[in-house]
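Structure first, then comments.
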Amino acid sequence: MMKWSLFTVAVPDISVFELLPIAKEAGLSGIEWRCCTIAPENKGKPFSFWGNHQCTIEPNVDISLLQSLRTEMDDHELANTAVMPYLKVGDMDAAEQVLRIAHALGTPMMRIGVHGYNRSNSYNELYDEQVKYMERLIPLLRKYEVKGLVETHHGTIAASASAAYRLVSHFDPQDIGVLFDPGNMVFEGYENHRMGLEILGPYLAHVHVKNADVSPERDDSAPKLVWSPPEEGFVRWPQVMSDLQAAGYDGFCGVEDFSGTRSSVQMIQHFVSWMNELSKQSVSPAT
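When we follow this note's numbering, the leftmost residue of the sequence shown carries the number 7, and every step to the right adds one.
Given below as structure tokens:
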């Protein structure tokens, strides 16, 4: 049975410890932690998804804070689902720093770095570098007992399920998996979602829940896509939930709503009730 989690990037105005009772009361089962350094110039500014952000674990965090957080998570019956840093391919020191955090929290998964793609470098060169980086990560992942996640993300060499599969298929799915994000694939990388899940097979490790739609504005005379509430936009989440059920997926689905249409607390509450309803529905395959 699938479980619901929250990627804390979506709640910049709630602090780490304040989040726990809110998450528990709303019915969440897990938390995946945003992990990065908050730039000094952003501190004190209005809260935002990628600027001043209260619900972030910084890489230089004191181990005693992580121990306290893990204890309180247990007290609230919340799983530490994953740690989500913004790693660069090849930066092994930064990867190990985050792996120490994941291990201290008892978190089973961590997002790894994936090369971006902007036509300035050959895909084939980036692919080769990516695979070598992942090969170097395997001993560290095993040392800290953490699975590495490749996220399907626009603007990277893993924009689609099949592109992500090409990377992870070199490795044991116990070590490396895929974070399946249909919302990102609205921007780039769309494939029939059930086909994508079938391609991933045992590499499907986690799911993000968000959506995007066309803006009234245009970008260079082309339609412009913007984030929307999960229940709106291009991703047909009732169908995706049906596809996940058909694939036998029983892991976490983590909300990552960037639409800003609800307060953080309202967004969490809506997500849980909406996903509970979707999980009960049965959707016929699209024709």
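For every residue, glycine included, the Cβ atom is placed at its ideal position computed from N, Cα and C.
Just so you know, these numbers come straight off a predicted model, no measurement behind them.
* Rounded to whole angstroms, what's the CA-CA distance from Ile-63 to Thr-43? Just pull it up for me. => 8 Å
* Asked: Between which two residues does the beta strand (DSSP E) harbouring Glu-38 extend?
  -> 36-41
* Tell me whether Ser-285 sits in a helix, a strand or coil according to DSSP, three-state version. => Helix at Ser-285.
* Could you tell me the distance, in whole angstroms, from the CA atom of Ser-175 to the CA atom of Leu-12? => 27 Å
* Asked: Exposed or buried, what is Gly-154 when buried is set at 16 or more other beta-carbons lying within 10 Å of its beta-carbon?
  -> buried
* Reduced DSSP category for Met-7 - H, G, I as helix; E, B as strand; rest coil -> coil
* Does the separation of the CB atoms of Arg-117 and Ala-88 fall below 9 Å? -> yes
* Could you check which residue in His-199, His-109, Pro-208 has the C-alpha nearest to that of Lys-149? => His-109
* **Residue range of the unbroken alpha helix (DSSP H) whose run includes Thr-77** => 69-81
* To do: Would you decide whether Lys-216 is buried or exposed? Buried here means 16 or more other CB atoms lie within 10 Å of its CB.
  => It is buried - the Cβ of Lys-216 has at least 16 other Cβ atoms within 10 Å.
* Asked: Can you check whether the CB of Leu-210 is closer than 9 Å to the CB of Phe-177?
  -> no
* **Arg-117, enclosing beta strand (DSSP E) - first and last residue** => 115-117
* Can you tell me whether DSSP reads Pro-222 as helix, strand or coil? -> strand
* Determine the direct distance from the alpha carbon of Thr-162 to that of Asn-124, and round the result to whole angstroms. => Going by the C-alpha atoms only, they are around 8 Å apart.
* To do: Would you grab the beta carbon distance between Glu-194 and Ala-165 for me? Rounded to a whole angstrom, and I think it's under 8 Å.
  => 5 Å
* Asked: Between which two residues does the beta strand (DSSP E) harbouring Trp-233 extend?
  -> 228-234
* **Separation of Thr-267 from Asp-249, as counted between CA atoms** => 27 Å
* Can you tell me which of Met-281, Pro-208, Ser-265 puts its alpha carbon nearest to the alpha carbon of Gly-254? => Pro-208
* When the Cα of Val-261 is compared with those of Val-278, Gln-245, Ala-252, Met-247, which residue comes out closest? -> Val-278
* Per DSSP, cross-strand counterpart(s) of Thr-162 -> Gly-122
* Asked: So, do the region 94-102 and the region 132-139 have three or more beta carbon pairs nearer to each other than 8 Å?
  -> yes
* Just to confirm, does Met-7 get its C-beta within under 8 Å of one of the non-hydrogen atoms of the ligand GDP? -> This structure lacks the ligand GDP, and indeed carries no ligand of any kind.
* Which whole-angstrom value is the C-beta distance of Val-156 and Ile-182, which I expect to be below 8 Å? -> With 8 Å as the limit, Val-156 and Ile-182 qualify as a contact, their Cβ atoms being about 7 Å apart.
* To do: Could I get the ranges of all uninterrupted beta strand (DSSP E) runs contained in the region 13-65, with 3 residues as the minimum, in chain order?
  => 36-41
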